[in-house]
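Undergrad:
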Amino acid sequence: MLYASEAWWNGTERQSFFLPNKVVGTGHTRKVDDLNRCLLQAIRGALPVWRTTPTPILHRESGIPHTTTLLEAARLRYTRRIHLLDDKHPIVQRTYNDRYKPDSSRRKPKTKVTDKRTRLEITADLLGDMKKPLPLQTPTNPVDNTD
1 MLYASEAWWN
11 GTERQSFFLP
21 NKVVGTGHTR
31 KVDDLNRCLL
41 QAIRGALPVW
51 RTTPTPILHR
61 ESGIPHTTTL
71 LEAARLRYTR
81 RIHLLDDKHP
91 IVQRTYNDRY
101 KPDSSRRKPK
111 TKVTDKRTRL
121 EITADLLGDM
131 KKPLPLQTPT
141 NPVDNTD
């Protein structure tokens with residue numbers, strides 16, 4: 001149900017393109033409502049409940065959270081996968097925000113330039129700076145098992 005949701009789900013709110021100080025919706029309410037309707041039908045099919053059972057009780061009894069919670073969890077898992085990649089991986093190279101640093105050799109634009117980051121860059125910044133796990137290394141004194 002959430003296959004490839006990291007490609008289109010970027011949260012419930014985003015920064016306005018024209019007004020940088022304003023927060024607007026992402027326009028995914030219809031998709032989320034459709035997914036939630038599908039999820040509720042699956043929960044009703046799995047649990048022995050009446051049709052009039054309230055939605056929060058269905059989520060509680062089934063142990064399945066709301067669709068937005070599932071989408072945010074998938075987004076955070078994707079962010080974690082990006083952070084676990086090697087620094088030389090092409091996706092990690094694309095998450096660097098070097099192209100938005102001011103360049104002194106250029107003329108200053110007449111209009112104010114807003115921060116136009118890609119979805120990949122925004123998603124990679126969700127967890128901030130994380131320590132990468134150390135890669136597995138061979139032991140310094142390998143044991144000789146030949147007898």
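What the sequence shown shows, in the UniProt record's numbering, is residues 1 to 147, in sequence order.
Glycine residues also receive a C-beta, built at the ideal position from the N, C-alpha and C atoms.
Keep in mind that this is a model prediction, so the values were computed, not measured.
Can you tell me whether A124 is buried or exposed, with buried defined as 16 or more other CB within 10 angstroms of its CB?
TA: buried
Undergrad: Could I get the ranges of all uninterrupted beta strand (DSSP E) runs contained in the stretch 19–67, with 3 residues as the minimum, in chain order?
TA: 23–25, all fully within the stretch 19–67.
Undergrad: Give the DSSP-derived three-state secondary structure of R14 in the structure shown.
TA: strand
Undergrad: Could you spell out where the alpha helix (DSSP H) holding E121 opens and where it closes?
TA: 119–124
Undergrad: Helix, strand or coil for L71 per DSSP?
TA: helix
Undergrad: Ignore the nearest five residues each way along the sequence and tell me which others in R51's own chain have a CB closer than 8 Å to its CB.
TA: In its chain, beyond the 5 residues on either side, R44 have a beta carbon closer than 8 Å to the beta carbon of R51.
Undergrad: Inspect the beta-carbon positions of T26 and R14 and report whether they are closer than 7 Å.
TA: Taking 7 Å as the Cβ cut-off, T26 and R14 qualify as a contacting pair.
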